Amino acid sequence: MLNTSSKNWRKGRKYLFKNHVHLVFFTKRRGRVLTTVILSRLENIFQETCQQMKCLLLNFEAKNDYVHLLVDIHQTIAISKLVGKLKEKSSHFLAKEFFLELQDKLIDNHFWSSSYAAVSEGKTSSQDIEFFLEEDLGKN
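Mapping of the sequence shown onto our numbering: residues 806 to 945, in sequence order.
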């Protein structure tokens, strides 16, 4: 059952939402280029980018050839726009900061595969609806 405490919901004057989405990106041709140092920097880049786009990075997991993010996406942001921005900024900064380490490992100078997975999380329960009704966003 979902926890419907207010900390899990994002709220504005006329809206209430909880859009948790799993995102998975692979490195180009599954190249094993993500070292511990690169992963640490990558998590920071993703955190900053999410904040800039009014999103929250809730979880970051990775291996040497992929990343798995759990993101609370703001209601005004399209998933494809967030994915594009995350890949674009991370590619730019990693190429700049780790050029010597990555130059021989990149394929066609690309860091990420063009594909990605996006899967929404959870189910809507009657408790979620009750919480929304209790918030009474229509009162103003």
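Ideal placement from N, C-alpha and C gives every residue a C-beta, glycine not left out.
Only a predicted model underlies this, so the values are computations on that prediction, with no experimental measurement involved.
Cα-Cα separation, residue i to residue j
i	j	result
Y871	I882	23 Å
F988	Y820	Nothing can be reported for residue 988, as the shown portion of the chain is limited to 806 through 945.
N849	L899	11 Å
F851	L891	6 Å
Q857	Q880	14 Å
is_contact[residue i, chain D] using C-beta, thresh 8 Å
i	result
F865	Checking the listed chains, one finds no chain D in this structure; it contains a single protein chain.
Residue of the options minimising C-alpha distance to residue i
i	options	result
E926	R837, T832 and L863	L863
N813	I850, A923, V876 and T854	V876
C860	E906, K833, V826 and L907	V826
I843	D913, H879, E893 and E906	E906
K868	I884, I878, M858 and L847	L847
S918	E893, E902 and E866	E893
With 16 other Cβ atoms within 10 Å as the buried cut-off, status of residue i
i	result
F904	exposed
T841	exposed
S895	buried
V888	buried
K886	exposed
S920	exposed
K910	exposed
A922	exposed
L942	Summary for L942: the model assigns pLDDT 47, below 50, so the residue's position carries little reliability; its value from the coordinates is reported in the next sentence. Exposed is the call here.
Residue i - partner residues in DSSP beta bridges
i	result
R815	F822
F831	Y871
V876	V826 and L862
As assigned by DSSP and simplified to three states, the class of residue i
i	result
N849	helix
A900	helix
V924	strand
Any non-hydrogen atom of the ligand FMN closer than 7 Å to residue i Cβ
i	result
Q908	Of the ligands one can find in the structure shown there are none, so the ligand FMN has no counterpart to examine.
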